[in-house]
Structures are given as structure tokens and as C-alpha cells.
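Chemist:
2 protein chains.
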Amino acid sequence: MGMMTIGKLASATGVKVTTIRYYECIDLLPEPDRSKSGQRLYDQNAVERLAFIRHARDLGFSVKTVRELISLQVEPDRDCAVVDQIARRQLGEVRRRLTQLEALEAELKRMVSACEGGRIGTCSVLASLSDHETCLADDHAGAEVLASSPSLKA
Amino acid sequence: MGMMTIGKLASATGVKVTTIRYYECIDLLPEPDRSKSGQRLYDQNAVERLAFIRHARDLGFSVKTVRELISLQVEPDRDCAVVDQIARRQLGEVRRRLTQLEALEAELKRMVSACEGGRIGTCSVLASLSDHETCLADDHAGAEVLASSPSLKA
DNA sequence: CCTACAGTCTACAGTAACTGTAGACACAAG
DNA sequence: CTTGTGTCTACAGTTACTGTAGACTGTAGG
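In order, the protein sequences belong to chains A and B. Heads up: the first sequence begins at 1136 in the working numbering, then just goes up one per residue. Heads up: the second sequence begins at 1136 in the working numbering, then just goes up one per residue.
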């Protein structure tokens, strides 16, 4: 249970091998020891740190913020309020996005149920997309809610 | 009300000037006419097309999908089911993300309310980030839900 | 011992959907 | 006529990875 290769670390944490190397590259993970042939060797510490990173990323914290959290971890005497504030900010973001997504869900649901299988020329889905008057918030609201998200290659 | 410059089009649709040029570059918008000095000139058609694009993007459709929808618009005799299916797929995605975000909200809320303002060394927020056992879905679930989203530079 | 074959290495290019920058030209108001 | 804002092109930068090429390493079977 001492040292493990990058592949083991990957399966232990659910983070892809390439992503681990990427994290090292951007100094989110420290450079690990190497075997005599040059392969990376990790210990239990690395597992914990990577799990921390992954969990924070899963919660939507940016890499920048994760870096911040890690640097805070190192100085355990500072005031906890900093961390609390970061978490609250994140919660605020999540709630904002929830609200937007709920609006999107409503509109998509309406679009789909309005479709009664005619020809495209009369398709109500396309009609409601064209119609920017009946839009949720007319000019500038729910932009980029889902856009450019890796899990949304619709 | 005939021809407008790119800036007018931008304010008419809420899409940034640079983004409009970008859409032209990736052939989402056709090349517009130019004034004798070379400035882009748009008509009401362009406003409608761009509004359509923006609305679809706001709803989370990828650029690729938007392109698909536009090409479908051109042939109004085809079966509406294609469009319906795209919208349903999108609705599915939105619902999946809603579920994930709700889980994230719950966890962040728990983290924040558990924080009682001590020192970082004992901070429960950092503790729950480190603790990958109490994670939502232990090994591979809510990854990249918010990650790399432009509106989330936490 | 030899041969597959999976795992690892580096370095770099590609992805999505823009955003920002630099330097030059255009147009309207005062 | 100047000032300021708008527009032009072309290209680099952003975020957080992912994928690829080409070479080496480590291991299990025969």
C-alpha cells in the first residue's frame, strides 16, 4: 500500500491519468517522486489531496478557487470565515443556476408538449425559438447557463 | 429601419459585437453586405436569425445543434419529429443537470451551515471537502456539472 | 527468454465558445 | 478640425481539460 503508479492513483480517485498529469502541470498537485525508470510514484497523501481536488471540482469550484482552498489548508490558524465565504459564494452561484435551469426546463417542456408532429414549416418548437418576445427574460438573463459545458454536447 | 451596422444589431439582439463576428466566422451567420467603406450592414432578417440563435443558445443548445436547427428551418417539408427529438434531448440534459445541481446545493448548504467560525484547522467545510466518503455519489457521478462554465469564475 | 500487450513517458495540438488585444481606418458631433 | 466612439482584421488568450504521436517500461503467458 506504499507507492502507486499514476494509473492506480487514477482508479483510486476517479480522476483520469491525463488529468492528473495536467493538474501537476498547473501546479495543483506537487511533482511526485519517480521510479528509477522515470514513472511517477504516489503515496496516500496524494490520494487524499487529489480526492479533495476532485470533490471540490465536482462541487463546481473553479481550479483557481481550489488552489485558494488548498493554500488555506496549509495555514490552519487563519480565520475560518474565508473558507465559509468561498462556500457561500459557491452556494449563491449554484442557486442562481438552479433558478435559470428551472426556467429553461419550463420553456423546453412547453415547447416539446406543443409539438404535435406536423411538418417543420409549422413546428411550434422552431416557432418558439424564433419568437424572442415570449422569451423568459427578454433581453439579457439566462445567457450561457448551459453553454460550453462539457457534458452538454447536445 | 433598413440597414444597420454591427453595433445596432448587437444592441437589438443582446449579442456582443465580437460574438456576432465570431458567428459569421464559424458560418452560423451568413456574410452580410458591406458599406462602401467595408463596414458590415445587416437587415431585419439578420436580426431575426441572430435572435433565434441567441434564444437557442440561451436554452443550452450547442452551436452544433443550433446549426442543425437552422438547416432544418430551411426545409419546411420535413418531419417535425427531428426537431421535437432535439428539444426532448435538450430537456433531458437540463433535467439531469437540475438533479445534479440540487444535490450540490444540498451539500454546499450543509457545509455552510456546519461552519461555526472557528480556525481553519477545524473548519468543517474543508473537512467535508476532504472527506470523499460522504460524497454524493462516491466514484463517478456529478463531475463537471458546473466546471468550466463561463459564469462560474468563483 | 521471448513476445504480446497494457501502462507510462513527453510534448504538443485540439476542443467549445467565446473574449481580449493591437493597430488602423470610419463616421458623427461640437 | 479635433475628439471620441465605432468598426475593421488578425491573432493570442481563456478554462479545464482531452487526444495524439512516438517511444519506452513493466508484466504475464508460452
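Glycine included, C-beta positions come from ideal geometry on N, C-alpha and C. This one's a predicted model, so the numbers in the text were calculated from it and none came from an experiment.
(1) What residues from chain A crowd round residue 1260 of chain B, counting only those whose CB sits closer than 9 Å?
(2) Three-state secondary structure (DSSP) at residue 1139 of chain B?
(3) Does the beta-carbon distance from residue 1236 of chain A to residue 1239 of chain B come in below 8 Å?
(4) Flag residue 1225 of chain B as yes if its beta-carbon sits less than 8 Å from any beta-carbon of chain A, otherwise no.
(5) In three-state terms, what does DSSP make of residue 1193 of chain B?
(6) What does residue 1255 of chain B reach in chain A if we use C-beta pairs closer than 8 Å?
(7) Listing by chain order, which chain B residues have their CB less than 8 Å from the CB of residue 1229 of chain A?
(8) At a cut of 8 Å, does the region 1220-1230 of chain B reach the region 1165-1183 of chain B through at least three beta carbon pairs?
(9) Quick check on the DSSP output: the alpha helix (DSSP H) that includes residue 1157 of chain B runs from which residue to which?
(10) Where do the N-terminal and C-terminal ends of the alpha helix (DSSP H) with residue 1227 of chain A fall, by residue?
(11) Return the residue from the list A/1175, A/1231, A/1215, A/1146 that minimises the CA-CA distance to residue 1189 of chain A.
(12) Using a beta-carbon distance below 8 Å, is residue 1191 of chain B in contact with chain A?
(13) Please name the residue, chosen from A/1203, A/1243, A/1206, A/1218, that lies closest to residue 1243 of chain B on a Cα-to-Cα basis.
(14) Please state whether the Cβ-Cβ distance between residue 1221 of chain B and residue 1204 of chain B is less than 8 Å.
Modeler: Working from what's here:
(1) What you label residue 1260 of chain B is simply residue 125 of the second sequence in a count that begins at 1. The answer, in chain order, is 1204, 1215, 1218, 1219, 1221, 1222.
(2) The residue labelled residue 1139 of chain B in the question sits at position 4 within the second sequence. Collapsing the DSSP output to three states places residue 1139 of chain B in a strand.
(3) In the first sequence, counting from the first residue as 1, residue 1236 of chain A sits at position 101. In the second sequence, counting from the first residue as 1, residue 1239 of chain B sits at position 104. No, they are not a contact pair.
(4) As a working mapping, residue 1225 of chain B is identified with position 90 in the second sequence. Contact with chain A is found for residue 1225 of chain B, since one of that chain's Cβ atoms lies less than 8 Å from the residue's Cβ.
(5) In the second sequence, residue 1193 of chain B corresponds to position 58, counting from 1. Residue 1193 of chain B falls in the helix class under three-state DSSP.
(6) On the second sequence, position 120 is the one that residue 1255 of chain B refers to. Neighbours of residue 1255 of chain B across chain A, judged by C-beta separation under 8 Å: 1207, 1208, 1210, 1211, 1212, 1213, 1214, 1215, 1217, 1218.
(7) One-based indexing of the first sequence puts residue 1229 of chain A at position 94. Within 8 Å Cβ-Cβ: 1236, 1239, 1240, 1243, 1281.
(8) They do not touch, by the three-pair rule.
(9) Translated into the one-based positions of the second sequence, residue 1157 of chain B becomes position 22. Per DSSP, the continuous alpha helix (DSSP H) segment holding residue 1157 of chain B begins and ends at 1152-1160.
(10) For the purposes of this step, residue 1227 of chain A is taken as residue 92 along the first sequence, with counting starting at 1. First-last of the alpha helix (DSSP H) with residue 1227 of chain A: 1216-1249.
(11) Numbered from its first residue, the first sequence carries residue 1189 of chain A at position 54. The alpha carbon of residue 1189 of chain A has as its nearest neighbour, out of A/1175, A/1231, A/1215, A/1146, the alpha carbon of A/1146.
(12) For the purposes of this step, residue 1191 of chain B is taken as residue 56 along the second sequence, with counting starting at 1. By this cut-off, residue 1191 of chain B is an interface position.
(13) Position 108 of the second sequence, counted from the start, is the residue given in the question as residue 1243 of chain B. The shortest C-alpha separation from residue 1243 of chain B is found at A/1218.
(14) The residue labelled residue 1221 of chain B in the question sits at position 86 within the second sequence. The residue labelled residue 1204 of chain B in the question sits at position 69 within the second sequence. Judged by their CB atoms, residue 1221 of chain B and residue 1204 of chain B are nearer to each other than the 8 Å cut-off.
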